[in-house]
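Numbering (my numbering), first residue to last: -4 to 78.
Now the structure itself:
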């Protein structure tokens, strides 16, 4: 992961490709099409993050979901567990 700390400002303002690269995250298209499924984040054994996002959503919606999932997972990792 990046040596630069993840701040709320950076999470919300960094270009998504830059945020993903610095967080060692990648977006994976999910086959789940349920309207209530907005995505899932998986912290892989190699330290990377896989963001499973539903196909067919707008670019803006996927951007927001990716940022939210990265923020939640990195917060959980650094704070010792999910809240």
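Quick reminder that beta carbons are idealized off the backbone N, C-alpha and C, glycines included.
All values derive from a computational prediction rather than experimental measurement.
**Study point:** Distance CB(residue 62)-CB(residue 7) smaller than 8 Å
**Key:** yes
Review point. So which of 49, 52, 41 and 36 has the shortest CA-CA distance to residue 71?
Key: 36
Point to revise | First through last residue of the alpha helix (DSSP H) which encompasses residue 24 | key: From DSSP, residue 24 is part of no alpha helix (DSSP H) but of the beta strand (DSSP E) over 20 to 25.
Check your understanding: With 16 as the cutoff for other CB atoms within 10 Å, does residue 57 come out buried or exposed?
Key -> buried
Check your understanding: By Cβ distance below 6 Å, which residues in the same chain neighbour residue 84 in space, the five residues on each side in sequence not counted?
Key -> Since the first residue shown for the chain is -4 and the last is 78, residue 84 is missing from the structure and cannot be characterised.
Point to revise | Proximity to residue 18 [Cα-Cα], best of 38, 59, 30 and 51 | key: 38
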